[in-house]
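Numbering (the UniProt record's numbering), first residue to last: 1 to 448.
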């Protein structure tokens with residue numbers, strides 16, 4: 001039976017390649033038609049998931065999609081995107097434009113959907129670990145402490161929290177060799193100890209640790225993990241009022257056999273990626289869509305059917321679509337403070353930094369950890385563990401401990417509670433970082 005399935009999958013793959021050869025994708029990039037954006041048009045043979053792949057390429061380049069029109073009715077797929085850079089300018093960099101043409105154009109069928117992503121390449125240099133569990137203050141500190149104890153160095157990681165749940169994709173190396181960990185007994189021990197940490201004292205909540213061997217797009221994988229963990233299920237009052245929650249509505253267009261999904265929410269980078277990821281992973285096909293995100297509010301309209309070509313069939317299904325799209329949008333929203341750290345990488349760095357946060361009653365709500373050319377560039381979104389605004393005295397203590405020129409407070413975040421009075425300077429770091437070379441440690445408000 002397995003051989004027959006394998007043969008069928010190979011035939012499907014060869015058929016798809018044949019279709020792509022006969023109808024190669026076409027990419028047109030126009031910098032003249034629109035006054036304030038670069039227009040990118042993609043025409044291709046249609047397949048399930050192609051919309052995610054195209055949007056993934058654009059968002060991985062940190063491009064802002066201000067408008068989009070999508071049509072994939074029948075065997076052909078057509079997208080038109082208006083995009084800008086982070087500063088709102090047209091895309092003039094020929095390197096970026098050439099990358100878009102190669103990633104989405106005629107030669108793109110040589111690449112898997114994961115390889116079309118920026119910075120995602122198969123590697124034997126690290127081991128990927130996926131974690132899901134119940135969120136609590138200090139969780140990232142505990143996880144990173146266990147990895148340090150097990151002589152693992154975290155070289156890249158992304159951590160999301162939402163609705164009492166937490167998910168992480170972490171790339172680790174062996175402390176001694178600096179390469180991937182392959183010993184099965186050691187990997188089993190890592191999985192067991194991390195799973196115990198994720199469970200904590202609440203054994204009724206599920207926790208999962210997986211060593212991932214395939215190549216994954218990290219943010220896509222985090223959406224899938226949190227969706228599988230059912231983070232969209234709300235238990236009573238979650239503290240959000242209707243003004244904070246995205247406005248998601250689903251109605252059936254009976255004459256055409258579509259369900260129409262409309263979403264109104266505050267605009268932010270990667271919003272379109274987050275919604276189309278979720279629709280695709282819920283096995284819905286987007287036949288038509290209109291996106292308008294030129295103002296502070298984004299409007300998204302999708303005409304969808306299930307992969308079996310049926311519209312939304314029941315009220316329960318309608319509510320589930322609404323809840324899952326709300327969760328997809330909320331996962332990336334960070335209303336806390338954003339701290340950026342850049343320093344020479346070393347084993348235990350993540351453990352030391354997150355321990356300091358925990359000792360000062362700061363909890364990490366989202367984190368991005370990267371290592372390039374021996375430099376660690378870490379971004380943390382933190383809030384007060386007790387739910388109060390972050391105390392300015394706490395931030396001042398950290399600045400005094402590692403140096404005023406190293407920790408920068410940008411702007412005046414409204415969550416930063418003014419200190420009632422100045423306290424004597426004290427070093428909470430205990431000289432931990434004084435021998436290390438820091439290049440930046442910034443603090444700003446984040447809506448991304």
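Note that the Cβ used here is the ideal one computed from N, Cα and C, for glycine as well.
Asked, Found
"Neighbour-count burial assignment, residue 76, 16 or more Cβ in a 10 Å radius", "exposed"
"Own chain, CB closer than 6 Å to residue 24, minus 5 neighbours either side, in chain order", "106"
"Simplified DSSP assignment, three categories, for residue 225", "helix"
"Three-state class that DSSP yields for residue 161 in the structure shown", "strand"
"Local Cβ density within 10 Å of residue 117, reported as buried at 16 or more and exposed below that", "Any reading at residue 117 is ruled out, since the residue's pLDDT is 46, under 50, leaving its predicted position unreliable."
"Whole-Å CB distance - residue 218 paired with residue 180, under 8 Å assumed", "So it is not a contact: roughly 17 Å between Cβ atoms."
"Cβ pair residue 289, residue 299 closer than 8 Å", "no"
"Of the listed residues 261, 344, 148, nearest to residue 378 (C-alpha basis)", "344"
"Residue 143 classed as buried or exposed, judged by whether at least 16 other C-beta atoms fall within 10 angstroms", "buried"
"Exposure label - residue 232; buried when at least 16 CB within 10 Å", "buried"
"Exposed unless 16 or more other CB atoms sit within 10 angstroms - verdict on residue 56", "buried"
"Distance between residue 37 and residue 153 (C-alpha atoms, nearest Å)", "42 Å"
"Three CB pairs or more closer than 8 Å across the segment 156 to 163 and the segment 176 to 191", "no"
"Residue interval of the alpha helix (DSSP H) (run including residue 191)", "184 to 199"
"CA-to-CA distance, residue 292 to residue 190, given in whole angstroms", "45 Å"
"Proximity below 8 Å, CB of residue 274 to CB of residue 329", "yes"
"Residue 229 versus residue 165 - alpha carbon distance", "8 Å"
"Status (buried if at least 16 other CB within 10 Å, exposed otherwise) for residue 82", "buried"
"Simplified DSSP assignment, three categories, for residue 42", "strand"
"Own chain, CB closer than 8 Å to residue 72, minus 5 neighbours either side, in chain order", "46, 50, 51, 78, 285, 286, 287, 288"
"Buried versus exposed, by CB contacts within 10 Å (16 or more), residue 367", "buried"
"Residue 223 burial status per 10 Å Cβ neighbour count (16 or more: buried)", "buried"
"Cα-Cα separation, residue 430 to residue 211", "Here residue 430 scores only 41 on pLDDT, less than 50, and its place in the model should not be relied on; the value that follows carries that caveat. One C-alpha to the other measures close to 35 Å."
"Reference residue 177, options 163, 359, 125, 132, closest by Cα", "125"
"Residue burial classification, residue 174 (beta-carbon count within 10 angstroms, cutoff 16)", "buried"
"Backbone CA spacing between residue 74 and residue 278 [nearest angstrom]", "22 Å"
"Complete runs of the alpha helix (DSSP H) confined to the segment 287 to 361 [at least 4 residues]", "315 to 330, 349 to 359"
"Contact set for residue 262: own chain, Cβ-Cβ below 6 Å, skip 5 residues either direction", "249, 301"
"Paired residues, beta bridge with residue 170 - DSSP", "129, 157"
"Residues bridged to residue 30 (per DSSP)", "39"
"Separation of residue 41 from residue 381, as counted between CA atoms", "35 Å"
"Alpha-carbon spacing of residue 375 relative to residue 369, whole angstroms", "11 Å"
"Residue burial classification, residue 258 (beta-carbon count within 10 angstroms, cutoff 16)", "buried"
"Residue closest to residue 514, alpha-carbon to alpha-carbon, out of 101, 198, 104, 97", "Because the chain is modelled from 1 through 448, residue 514 falls outside the range shown and cannot be assessed."
"Residue 84, DSSP secondary structure in three states", "strand"
"The ligand HEM heavy atom lying under 7 Å from the CB of residue 308", "By its list of ligands, the structure shown contains no ligand whatsoever, and the ligand HEM lies outside what it can speak to."
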